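Novice:
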Amino acid sequence: MIDGLVAGRLYGDSEQRTDKAGKPFTVAKVRANTADGELLFVNVIAFEAGVCAAIHHLRDGDSLALSGSITPRVWTDKQGNTRPALDMVAHRLLALHGD
Numbered sequence: 006m007i008d009g010l011v012a013g014r015l016y017g018d019s020e021q022r023t024d025k026a027g028k029p030f031t032v033a034k035v036r037a038n039t040a041d042g043e044l045l046f047v048n049v050i051a052f053e054a055g056v057c058a059a060i061h062h063l064r065d066g067d068s069l070a071l072s073g074s075i076t077p078r079v080w081t082d083k084q085g086n087t088r089p090a091l092d093m094v095a096h097r098l099l100a101l102h103g104d
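Take the sequence shown: its letter number 5 is residue 10 in the working numbering, and every next letter is one higher.
See below:
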C-alpha cells in the first residue's frame, strides 16, 4: 500500500453501503489524469463518517482531492486493452467546488 493524494472529478454518484456488521461505508469512482494526460480511474472506499458525508454531498463531475492508502492495479477494457487503475481507502477529502 502507498499513501497518496489524488485530485480529479467524481465519476457518477457515490453509493452508501453497509458491511456485515451493520457499519456504513461509501464507495465512489474518481476520474483523474496522469502527467501524460492519460485517464486513470480511482476506485474509492471510505469508512470515516466525515469523509463519507463529504463524498455524498458531491455530484457527478464535481472536483475533489482525496488522500489515503492507494493500491495500484490493472483492468481490461471491452477491447481487451489493459488499463491502469488505483484502489484507494480515503482518509481525507477536499471538495473543490463552489456552492
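No residue lacks a Cβ here, since even glycine has one placed at the ideal position from N, Cα and C. Remember, predicted model here, so these are calculated numbers, not experimental data.
(1) Please name the residue or residues paired with Ile-50 in a DSSP beta bridge.
(2) Under DSSP, the beta strand (DSSP E) around Arg-64 begins and ends at which residues?
(3) Can you name the start and end residues of the beta strand (DSSP E) that Gln-21 belongs to?
(4) How about Leu-11 and Val-47: do their beta carbons lie closer than 7 Å?
(5) To the nearest angstrom, how far is the alpha carbon of Val-49 from that of His-61?
Specialist: The short version:
(1) Counted from its first residue, the sequence shown places residue 50 at position 45. For Ile-50, which the question treats as bridged, DSSP gives the partners Val-32 and Val-94.
(2) Along the sequence shown, one-based indexing puts residue 64 at 59. Run containing Arg-64: none; DSSP gives neither H nor E here.
(3) The residue labelled residue 21 in the question sits at position 16 within the sequence shown. Looking at the DSSP string, the run of the beta strand (DSSP E) that includes Gln-21 is 7 to 23.
(4) Here residue 11 corresponds to residue number 6 of the sequence shown, with the count starting at 1. Here residue 47 corresponds to residue number 42 of the sequence shown, with the count starting at 1. The question names Leu, but residue 11 in the sequence shown is Val. Closer than 7 Å, so yes.
(5) As a working mapping, residue 49 is identified with position 44 in the sequence shown. As a working mapping, residue 61 is identified with position 56 in the sequence shown. Spanning the two alpha carbons is a distance of roughly 13 Å.
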